[in-house]
Amino acid sequence: MNTINLEPQVQNLMQFLDNSPCNFYAAANVAKMLDEAGFTRLNPSDRWTLNRGGKYYTLKNDSAIFAFCVGMGDAHAGYKIISSHSDSPGFRIKPRAEMFCDGGIIKLNTEVYGGPILYTWFDRPLSVAGRVLLRSDDPLHPRSVLVNFHRPILTIPHLSIHFNREVNNGNKLSRQKDMLPVITQVSNLLEAENLMLKAVAKEIGVDIYDILDFDLTLYDVTPAMTVGYNNEFITSGRIDDLSMVHASVTSLISQCNAPSEMTRIVAVFDNEETGSGTKQGAASPVLYNILTRINAALCGDNESLLRAIANSFMVSADNVHGIHPNYPEKHDPTNHPVLGGGPVIKINANCKYMSDADSAAVFRTICENAEVPYQYFVNHSDVVGGSTLGNILTSQIDLRGVDMGAAQWAMHSVRETASVRDHLFIIKAFTQFFK
Numbered sequence: 134m135n136t137i138n139l140e141p142q143v144q145n146l147m148q149f150l151d152n153s154p155c156n157f158y159a160a161a162n163v164a165k166m167l168d169e170a171g172f173t174r175l176n177p178s179d180r181w182t183l184n185r186g187g188k189y190y191t192l193k194n195d196s197a198i199f200a201f202c203v204g205m206g207d208a209h210a211g212y213k214i215i216s217s218h219s220d221s222p223g224f225r226i227k228p229r230a231e232m233f234c235d236g237g238i239i240k241l242n243t244e245v246y247g248g249p250i251l252y253t254w255f256d257r258p259l260s261v262a263g264r265v266l267l268r269s270d271d272p273l274h275p276r277s278v279l280v281n282f283h284r285p286i287l288t289i290p291h292l293s294i295h296f297n298r299e300v301n302n303g304n305k306l307s308r309q310k311d312m313l314p315v316i317t318q319v320s321n322l323l324e325a326e327n328l329m330l331k332a333v334a335k336e337i338g339v340d341i342y343d344i345l346d347f348d349l350t351l352y353d354v355t356p357a358m359t360v361g362y363n364n365e366f367i368t369s370g371r372i373d374d375l376s377m378v379h380a381s382v383t384s385l386i387s388q389c390n391a392p393s394e395m396t397r398i399v400a401v402f403d404n405e406e407t408g409s410g411t412k413q414g415a416a417s418p419v420l421y422n423i424l425t426r427i428n429a430a431l432c433g434d435n436e437s438l439l440r441a442i443a444n445s446f447m448v449s450a451d452n453v454h455g456i457h458p459n460y461p462e463k464h465d466p467t468n469h470p471v472l473g474g475g476p477v478i479k480i481n482a483n484c485k486y487m488s489d490a491d492s493a494a495v496f497r498t499i500c501e502n503a504e505v506p507y508q509y510f511v512n513h514s515d516v517v518g519g520s521t522l523g524n525i526l527t528s529q530i531d532l533r534g535v536d537m538g539a540a541q542w543a544m545h546s547v548r549e550t551a552s553v554r555d556h557l558f559i560i561k562a563f564t565q566f567f568k
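First residue of the sequence shown: 134, per the working numbering; consecutive thereafter.
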């Protein structure tokens, strides 16, 4: 792989993808970027004192993060918002996960998170990362630490073709039977007891008694890399939606020291892949509460908050299906974005996306002013598409906004593919939006 001539922003994206194997690490790495850029972390339980022109961020559940640069204008000046999400489809480890098999093989009991393409997870070098909750002096506030094993400690072995000659003609998979990962081989049953907890305790350097609970995720340890004869593409896990997280945070940091009348916000939610219905998800009032607190800190009242929302605009950034070279018939005949063709505006007549003609026109103008190309995505009329953060958020806040994303292949595969050029285009467009 030749990465010598890659743009620094692309190299930074690949490093961000490698360092963010799950939602908790994504939020932590965004926080690190913000700390290095001089942002101040705010505790949600403290009283917020904000200064015009100040740079701040706050976390929710250690897995969602919200950064903002307070505007220089009045409280009613409004907000420029880019939203994305930190989570990706995959597998979560269940409590009491160890299962003893013939030959001393230990496999782990897991639960599918979101909607992954299951068969892409077979025969991969897998590891574990996530959050561990430890005992503290305050029962209501256990101590939270992150854990990442980094090295491959798991694999999900596929059944040999000799036992299923029809496997290439379609193979229905059981999530409970077929998708359980092997972790080790032991000589007796006692070694299997609390194996995962013991491994976590050893990895973070604590006594197993101190572990109260965990949120642990499987991930493929294969690093992000460019592919293509001219390094045109990026292949990695979690491109949906960490590429949009990276682009939005990079753009906010680049513009935050430039004065603006409006407050500029990056909102990275969690649990989009399961419907956003959590306290850290887009269906919760978490963003509305943050806007309310910013408004109050600027000496605004309820009227100024409503005026600010009316003056605001949001870019809901979540990736989109690029036309597949092997399956062009799956796409709309006239509105199918290509990889490398620029940011994609998403349209749906049944309001699955928040885009309408007004907001699409706004984002088109942003792209034109940034001198980047733009594209449109509309579902094939015989294919039902998914929904995104945008229309979920509008159930909480009546914002104008557009749904957009980068075109990619193999969405929800353990390895997804996107365009190097598109990532640079989108950073330019987001930077223009925040100017």
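Note that the Cβ used here is the ideal one computed from N, Cα and C, for glycine as well.
In the three-state reduction of the DSSP assignment, glutamine 565 falls in the helix class, which pools H, G and I. Taking C-beta atoms as the reference points, tyrosine 212 and isoleucine 398 count as a pair closer than 8 Å. When DSSP states are grouped into helix, strand and coil, asparagine 524 belongs to the helix group. Distance from the CA of valine 354 to the CA of alanine 539, rounded to the nearest whole angstrom, comes to 24 Å. For the options Val278, Val511, Gly187 and Gln529, the alpha carbon positioned closest to that of isoleucine 456 is the one of Val511. Annotation: alanine 482 is outside any alpha helix (DSSP H) and is labelled neither H nor E by DSSP. Listed as beta-bridge partners of glycine 538 by DSSP are Val477. Under a 10 Å Cβ-count criterion, glutamine 309 is classified as exposed, with fewer than 16 other Cβ atoms of the shown protein chains found around its own Cβ. Following the DSSP letters along the chain, one finds tyrosine 509 inside the beta strand (DSSP E) bounded by residues 508–511. Exposure of aspartate 340 is indicated by the presence of fewer than 16 other C-beta atoms within 10 angstroms of its C-beta. For the set Tyr246, His218, Ala210 and Phe233, the Cα lying nearest the Cα of arginine 225 is the one of Tyr246. Of all alpha-carbon atoms in Asn242, Gly237, Asp220 and Phe233, the one lying nearest the alpha-carbon of lysine 227 is that of Asn242.
Between alanine 443 and asparagine 428, the CB-CB gap reaches or exceeds 8 Å. For serine 217, the closest of Asn524, Gln565 and Gly186 by C-alpha to C-alpha distance is Asn524. Between leucine 375 and leucine 150, the C-beta gap is smaller than 8 Å, which places the two residues in contact. Aspartate 348 has Arg264 as its beta-bridge partners, per DSSP.
A distance below 6 Å between beta-carbons, with the five flanking residues on each side excluded, links glutamate 244 to the following residues of its chain, in chain order: Arg225 and Lys227. Between phenylalanine 563 and serine 384, the CB-CB gap stays under 8 Å. Judged by their CB atoms, alanine 400 and isoleucine 214 are nearer to each other than the 8 Å cut-off.
Counting along the chain, glutamine 318 sits inside the beta strand (DSSP E) bounded by residues 315–318. Each residue's CA atom was taken as its position, placing alanine 490 and tyrosine 421 some 25 Å apart. Judged by their CB atoms, proline 314 and leucine 266 are not nearer to each other than the 8 Å cut-off. Secondary structure note for serine 449: its beta strand (DSSP E) is the uninterrupted segment 446–450.
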